[in-house]
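Chemist: Our numbering puts the first residue of the sequence shown at 2, with every later residue one more than the last.
We put the CB at the ideal spot given by N, CA and C, even for glycine.
If you're wondering where the values come from, they're calculated on a predicted model, not measured in any experiment.
Structure incoming, see below.
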Amino acid sequence: MSKESIQGPLSALRNAGTVCGVCLVRGPEILVNLFPFSEARINDMVSAVDDIQTYFAQKNRKVDQMSFGYDGGCLCIVEDDEFRLIVMHMLADEVDFIAKASRAFLADFHLDLFAEQIASGN
2 MSKESIQGPL
12 SALRNAGTVC
22 GVCLVRGPEI
32 LVNLFPFSEA
42 RINDMVSAVD
52 DIQTYFAQKN
62 RKVDQMSFGY
72 DGGCLCIVED
82 DEFRLIVMHM
92 LADEVDFIAK
102 ASRAFLADFH
112 LDLFAEQIAS
122 GN
């Protein structure tokens, strides 16, 4: 799947409500970064989220959604078995809408990957 085919739906999410940044991640690899921050800051954020997930995994707890509120905005992090979508938004009241939209994106993304595998004969 090309980066361009991913960016369209992520850009739509990026323009929803008070969303001001979106990042699609697989493990430590940043697939698409639509945050208005430097690559180094995004890498630090992804690393911090990985550390949080590792902590919960060590306690035998699977966390597939997290939300954090800060003075300057909020983060909604939705994860499935392979990918993680990190969304920064400004209003805490939007977290349910953003989480739902993020899950829908990840489900569609997996369907597109599956369709590509079938089309390529894998």
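1. Counting C-beta neighbours from all protein chains within 10 Å, is the total for Ser12 16 or more, i.e. buried, or is it exposed?
2. Is it right to say Asn44 is buried, meaning 16 or more other beta carbons lie within 10 angstroms of its own, or is it exposed?
3. Should Ser39 be labelled buried (16 or more other beta-carbon atoms within 10 Å of its own) or exposed?
4. Compare the Cα-Cα distances from Ala105 to each of Gly74, Phe84, Ser121 and report the closest residue.
5. Drop a sphere of 10 angstroms on the beta-carbon of Phe115, count the other beta-carbons inside from all chains shown, and report buried for 16 or more, exposed for fewer.
6. Return the Cβ separation of Cys75 and Ala100 in integer angstroms, given the expectation that the two are a contact with Cβ distance under 8 Å.
7. For Arg62, which residues from the same chain have a beta carbon less than 8 Å from its beta carbon, with the 5 sequence-adjacent residues on both sides left out?
8. Ser103 and Val88: beta carbons closer than 7 Å?
9. Does Val20 come out as helix, strand or coil in the three-state DSSP assignment?
Modeler: In terms of the structure at hand:
1. Exposed, since its Cβ has fewer than 16 Cβ neighbours within 10 Å.
2. Asn44 comes out exposed.
3. Ser39 is exposed by the Cβ-count criterion.
4. Answer by Cα proximity: Phe84.
5. Counting every other CB atom within 10 Å of its CB across the protein chains shown gives Phe115 a total below 16, marking it as exposed.
6. Separation of the CB atoms of Cys75 and Ala100 is rounded to 11 Å, and the pair is thereby denied contact status at 8 Å.
7. Once the five neighbours on either side are set aside, Arg62 has no close Cβ partner at all.
8. Yes, they are a contact pair.
9. Strand.
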